[in-house]
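Using numbering that gives the first Met the number 0, the first residue of the sequence shown is number 0, and each one after it goes up by one.
Ideal placement from N, C-alpha and C gives every residue a C-beta, glycine not left out.
The structure under discussion appears below in the form of C-alpha cells.
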Amino acid sequence: MKNFRNFCSTSIPRTHAALQLRCFANVFMIIYATASTSSPQICMNMPVVEPFLLAQSQRRLNRLFSKDEIRRVKWMWVMGVEGATADMVSFKWLEQICATRTAESTGQHTAFISTSAGRVAIVTGGNTGIGLVTVRELARHGAKVYMFSRSESRATKAIGDIKKEIPDANLEFVKFDLQSLKSANEAAETFLTKETRLHMLINNAGIVCNGTGHVALTLPFLPLLKQTAAEPNSHVRIVNLTSAASQMAYQPIFTSLETLNRPYVSTWIRYGNSKLTNMLITNELQKRLEGTGIYCLSVHPRIISTDLWLGMDQTSPWLSWLGAIRQRVMLTPSQGALTQLYAATSIEIEEKDLKAAYLVPYGKVGCKTSLAKDKDGKLGGAFMELCEKLIANSKKS
Numbered sequence: 000m001k002n003f004r005n006f007c008s009t010s011i012p013r014t015h016a017a018l019q020l021r022c023f024a025n026v027f028m029i030i031y032a033t034a035s036t037s038s039p040q041i042c043m044n045m046p047v048v049e050p051f052l053l054a055q056s057q058r059r060l061n062r063l064f065s066k067d068e069i070r071r072v073k074w075m076w077v078m079g080v081e082g083a084t085a086d087m088v089s090f091k092w093l094e095q096i097c098a099t100r101t102a103e104s105t106g107q108h109t110a111f112i113s114t115s116a117g118r119v120a121i122v123t124g125g126n127t128g129i130g131l132v133t134v135r136e137l138a139r140h141g142a143k144v145y146m147f148s149r150s151e152s153r154a155t156k157a158i159g160d161i162k163k164e165i166p167d168a169n170l171e172f173v174k175f176d177l178q179s180l181k182s183a184n185e186a187a188e189t190f191l192t193k194e195t196r197l198h199m200l201i202n203n204a205g206i207v208c209n210g211t212g213h214v215a216l217t218l219p220f221l222p223l224l225k226q227t228a229a230e231p232n233s234h235v236r237i238v239n240l241t242s243a244a245s246q247m248a249y250q251p252i253f254t255s256l257e258t259l260n261r262p263y264v265s266t267w268i269r270y271g272n273s274k275l276t277n278m279l280i281t282n283e284l285q286k287r288l289e290g291t292g293i294y295c296l297s298v299h300p301r302i303i304s305t306d307l308w309l310g311m312d313q314t315s316p317w318l319s320w321l322g323a324i325r326q327r328v329m330l331t332p333s334q335g336a337l338t339q340l341y342a343a344t345s346i347e348i349e350e351k352d353l354k355a356a357y358l359v360p361y362g363k364v365g366c367k368t369s370l371a372k373d374k375d376g377k378l379g380g381a382f383m384e385l386c387e388k389l390i391a392n393s394k395k396s
C-alpha cells in the first residue's frame, strides 16, 4: 500500500485519463482507510490521510477550500470542483466519514432528536429511504406528519408499515409530484385546507431533480410558516436536502429555462448544479424570512446505501464498483436521516443561530463553496426569479 499512497500524492499530468485515474486512486485509499479500521480515532491518524492534504494545517485547508483562485479540475469523477483538486475533495470525504464514525462510537448522533409533540410537519418523498425514516421518527416523537409523495400506493404501504411499529402515529398522505409545478400548487392547496399551522417543512424528495419543484411547493406555505412562527416556542424550520455533490457545480447559469437545461460535458456537473440550487434556495428563503424567527437550513446526509446505487454504473464507469463495497463506506437510511431530523427539531439551531447553515453528519456545520455562499446573491436571486416565472406560467396553462 505504501507505493500506492506515494502514487496518490505524486503530481501527474492533468490529462483526462490521468485525472480520472488519480481521483480513482484517492477514492480507493478512502475505502482502504475506512474499511480496514474499526476505530474512528485510528482512521484519522493513519498515514493514508497524508496524500489528501494540500496544506500544513486545518486552518490553511479550510482557506484553500473556499478560494476562487485555486485551479478547477473539470475532467474527472468530481467534475468542476471550485477551489479544490481531487486530493482536496477526497480528504474532505475521508474527514467526514471519520467524524461520522466518531459520533456513532460515542452515541452523540442520537442525542439531539428533540420531541415534536403537537407540531405539524411536511416531508416530501417520505415513502422511502431517509424520507421514510424522517417521517417515522417525527411521528415517534409526537408530530403530525404529512407524507408528500408521488405514489399513493407506496405511501399507503409506508404509512401502514410505520403504524405497525408506532400504532398511534399521526400520518396523512398528500399526492405530490416534484416534477410538476401544477402538482406542487395542488399539494399546497390540499394541505392548507387541512391545517392552520406548519412547524417543519422538509424538502427531502428528488435525488436528481433541481429545486424548481420545491420552490413551487414552499412559496405558498410562507404565510402559514410566518403565522406559526409568531407563536411562542414554535421553532419553525425549512429544511432543504442537498449534497456535497454541490461542490461539483460548474459555471451555473439560472437566467432562463434554456440555460437551466443546457447540455453539460458530464452528468455529474448537471447533478452538482442541481444540488447547488437547493443551497441557493435556502439562502434566498432565509433573506426573505429575516426577522420572522424561521430558520432555513441545507442538509447533506452523506452518501446513503440505497437501491439508487444499483444504477450508478450507467452514469459513470468509475462508480460501477461501489455496489460491492457500499456497506463499508456509506450510511444506512436510518443514519442518513439523523442530520435533517436534527435540523428540523433541535433547539440548538436557534441557540447557535444557524441561519442558512449547511449541515453535515451529524449536525455539524459544513464548509460551503463560494458558489454556495453566493455572497452577492446574484445566483440565488436569478434562480428564484426564474422559478417564480415558471410557476406563474404553469398557472396560466
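Item: Cα-Cα separation between residue 281 and residue 185, rounded to whole angstroms; Value: 23 Å
Item: Ordered list of alpha helix (DSSP H) runs contained in the region 123-194, each at least 4 residues; Value: 128-139, 151-164, 180-191
Item: Where residue 351 falls: helix, strand or coil (DSSP); Value: coil
Item: Cβ separation of residue 124 and residue 117, assumed to be a contact under 8 Å, to the nearest whole Å; Value: Residue 124 to residue 117, Cβ: 24 Å. No contact.
Item: Three CB pairs or more closer than 8 Å across the region 276-291 and the region 371-388; Value: yes
Item: Nonlocal neighbours in the same chain, by C-beta distance under 7 Å from residue 115, ignoring five residues either side; Value: 137, 140, 141, 142, 344
Item: Best match in 257, 211, 229, 274 for proximity to residue 242 [C-alpha to C-alpha]; Value: 274
Item: Residue 216 (DSSP reduced to helix, strand or coil); Value: helix
Item: Contact check, residue 239 vs residue 296, beta carbons under 9 Å; Value: yes
Item: The region 172-192 contacting the region 344-354, beta-carbon criterion three pairs below 8 Å; Value: no
Item: Segment limits, beta strand (DSSP E) that includes residue 294; Value: 294-298
Item: DSSP bridge partner residues for residue 240 (one or two, in chain order); Value: 298
Item: Per-residue DSSP class, three states only, for residue 363; Value: strand
Item: Close-in-space but distant-in-sequence residues of the same chain around residue 44 (CB under 8 Å, 5 per side omitted); Value: At residue 44, the pLDDT of 30 sits below 50, so the modelled position is not reliable; the number obtained from the coordinates is stated separately. Same-chain partners within the cutoff: there are none.
Item: Buried or exposed (CB count within 10 angstroms, at least 16 for buried), residue 371; Value: buried
Item: Host alpha helix (DSSP H) of residue 390 (start-end); Value: 377-395
Item: Neighbourhood of residue 113 by C-beta distance below 8 Å, restricted to the same chain and skipping five residues each side; Value: 140, 344, 345, 346
Item: Rounded straight-line distance, which links the Cα of residue 215 to that of residue 386; Value: 7 Å
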